[in-house]
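Colleague: Here's a structure for you.
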Amino acid sequence: MHTLKGLRDHVNRNKFRYFFERFVPAFGGEVLAEVHSVPYADFLFRDDRIVSELKTLEEDKNTEHARKLQALTMDWMRRGLILGFGRFQISLPRLPQQCQREWLDILEAPVEKLIRDANRQIRSTKQYLKLEDHKGLVLIANDGNFLHTDPVNYMILVSRVLQKKKDGKARFPHIDGVVYFSYRIRSTNEGLPFWLPGTVANDDRMMSEFQAKLRDGWFGYLSTITEQPAMQVSPNPSTQHGLTRVRVEINGRIEEGQHTVTAQMFCLKDGCNRAVNVVSDGTDTRQWIECPVHGAIGSFESFTEYEKTLRHFVNRVVAEKGLQGISPDASARIQ
4 MHTLKGLRDH VNRNKFRYFF ERFVPAFGGE VLAEVHSVPY ADFLFRDDRI
54 VSELKTLEED KNTEHARKLQ ALTMDWMRRG LILGFGRFQI SLPRLPQQCQ
104 REWLDILEAP VEKLIRDANR QIRSTKQYLK LEDHKGLVLI ANDGNFLHTD
154 PVNYMILVSR VLQKKKDGKA RFPHIDGVVY FSYRIRSTNE GLPFWLPGTV
204 ANDDRMMSEF QAKLRDGWFG YLSTITEQPA MQVSPNPSTQ HGLTRVRVEI
254 NGRIEEGQHT VTAQMFCLKD GCNRAVNVVS DGTDTRQWIE CPVHGAIGSF
304 ESFTEYEKTL RHFVNRVVAE KGLQGISPDA SARIQ
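Sequential numbering from 4 applies to the sequence shown in my numbering.
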């Protein structure tokens with residue numbers, strides 16, 4: 004039997020996995036015994052039909068990433084993709100698209116390995132235990148990696164990896180949900196432990212409800228063990244769709260007898276007011292609204308959804324001024 008002090012000592016010694024494995028049975032799940040013949044997942048939540056694998060980010064990758072990024076920046080300059088003199092800063096949303104892709108490739112490589120391993124472990128566990136009707140959940144705990152303390156930006160990388168296909172099919176079909184969370188590590192903006200859930204299917208209510216239940220159980224467990232109230236930030240991108248964190252500036256002018264409407268978006272977070280950019284891998288992938296200061300502040304499922312939402316917003320504003328808006332079939336230039 005473990006006392007509260009004993010469990011706190013384990014946390015202080017950074018034995019996060021041991022700590023989390025004490026929580027799972029208290030929550031009603033099972034810690035699966037290791038099977039040497041197959042790559043096995045960590046947890047089973049039978050009542051909720053969830054097989055889960057826990058991955059922990061422990062090493063500080065800032066220095067390693069800075070070294071790779073410096074080499075990549077020098078290569079961009081040699082290829083004439085960017086210009087820079089002396090010491091200068093680079094920002095992902097402000098880079099040419101080719102540079103964005105190459106930078107994201109560096110960040111994505113370890114994420115893809117993590118997702119690939121988890122998919123294999125969940126798949127083999129489902130097969131071995133005959134749990135084909137169960138869903139797969141990857142839990143990613145940050146317990147010492149200061150490169151990825153912005154949970155939304157890290158989940159952008161996870162989302163990009165999970166969107167990858169092979170022969171028209173999902174490369175990682177046994178992963179239905181992901182949670183990125185922390186205990187000791189604080190988020191960049193809020194300075195709090197974070198919990199950021201995501202589902203592969205937009206309408207996966209079963210997975211979303213389980214993630215919410217797991218979140219409440221986890222932070223309640225922390226409060227009991229540490230004898231401190233648990234506070235967390237849950238900046239779920241699914242609640243940040245639309246234009247709630249941006250200011251849209253609309254301008255109208257007459258060009259060749261036609262009334263032209265243009266719109267530009269600016270970040271509202273913390274009074275930033277910087278122009279934001281749309282970052283994506285194509286029109287059919289998720290469109291991330293990114294501020295050069297605050298990173299991702301919202302997203303849309305596709306460029307069509309983004310265009311439709313912005314078009315609706317513009318039309319509502321110009322209609323109030325008695326002007327003609329953008330018709331649904333018009334070739335609109337949306338900035």
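We treat Cβ as the ideally placed atom computed from N, Cα and C, and that holds for glycine. As the structure is a computational prediction, the values presented were derived from the model and not from experiment.
Helix, strand or coil for S40 per DSSP?
Modeller: S40 falls in the coil class under three-state DSSP.
Colleague: Can you give the Cα-Cα distance for K167 and T312, rounded to whole angstroms?
Modeller: 26 Å
Colleague: Is the CB-CB distance between E24 and V38 below 8 Å?
Modeller: no
Colleague: As a quick exercise: from L72, K116, D45, pick the residue whose alpha carbon is nearest that of L150.
Modeller: L72
Colleague: Where does the unbroken beta strand (DSSP E) through E24 begin, and where does it stop?
Modeller: First-last for E24: 19 to 30, but that is the alpha helix (DSSP H), not the beta strand (DSSP E).
Colleague: Applying the 10 Å Cβ sphere with the 16-neighbour rule, what's the burial state of H130?
Modeller: It is Gln, not His, that sits at residue 130 in the sequence shown. With fewer than 16 Cβ atoms within 10 Å of its Cβ, Q130 is classed as exposed.
Colleague: Take the Cβ of S40 as the centre, count every other Cβ of all protein chains shown within 10 Å, and call the residue buried at 16 or more, exposed below.
Modeller: Its Cβ having fewer than 16 others within 10 Å, S40 is exposed.
Colleague: With distance defined between alpha-carbon atoms, name the residue in D179, A204, R119, E293 nearest to C275.
Modeller: E293
Colleague: Would you mind sorting R256 into buried or exposed? The rule is 16 or more other CB atoms within 10 Å of its CB.
Modeller: Confidence at R256 is low in this model, with a pLDDT of 47, below 50, so its placement is unreliable and no value can be given for it.
Colleague: Classify Q290: buried if its beta carbon has 16 or more other beta carbons within 10 angstroms, exposed otherwise.
Modeller: buried
Colleague: Residues in its own chain within less than 7 Å of W221 by CB, not counting five upstream and five downstream?
Modeller: F26
Colleague: What span of residues does the beta strand (DSSP E) with T59 cover, start to end?
Modeller: 53 to 60
Colleague: Alpha helix (DSSP H) containing A278: first to last residue?
Modeller: That residue, A278, is in no alpha helix (DSSP H); it is neither H nor E in DSSP.
Colleague: Measuring only the C-alpha atoms, how far is R20 from D206?
Modeller: 31 Å
Colleague: Would you please state the rounded distance, in angstroms, between the beta carbons of L165 and I118? I believe it to be under 8 Å.
Modeller: With a Cβ gap of about 7 Å, L165 and I118 count as contacting.
Colleague: Suppose contacts are defined by Cβ-Cβ distances below 8 Å. Is G31 in contact with V155 by that definition?
Modeller: No, Cβ-Cβ distance for G31 and V155 is not below 8 Å.
Colleague: Quick check on DSSP: helix, strand or coil for I178?
Modeller: coil
Colleague: Could you give the distance in angstroms between the alpha-carbon of F22 and the alpha-carbon of L142?
Modeller: 14 Å
Colleague: Under 7 Å Cβ to Cβ from E258, same chain only, skipping five residues before and after it: list those, please.
Modeller: Because the pLDDT of E258 is 46, which lies under 50, any placement of that residue in the model is unreliable, and the number read from its coordinates should be weighed accordingly. Within the same chain, E258 has no close Cβ partners at all.
Colleague: Count the other CB atoms within 10 Å of the CB of P176; is the residue buried (16 or more) or exposed (fewer)?
Modeller: exposed
Colleague: If you follow the beta strand (DSSP E) that Q166 is in, where does it begin and where does it stop?
Modeller: Run containing Q166: none; DSSP gives neither H nor E here.
Colleague: Is L160 close to the ligand ADP? I mean its beta-carbon at under 7 Å from any heavy atom of the ligand.
Modeller: Questions concerning the ligand ADP fall outside what the structure shown contains, since it holds no ligand whatsoever.
Colleague: Evaluate A29 with the Cβ neighbour count: other Cβ atoms within 10 Å of its Cβ, from every protein chain shown; 16 or more gives buried, anything less gives exposed.
Modeller: So A29 ends up on the exposed side.
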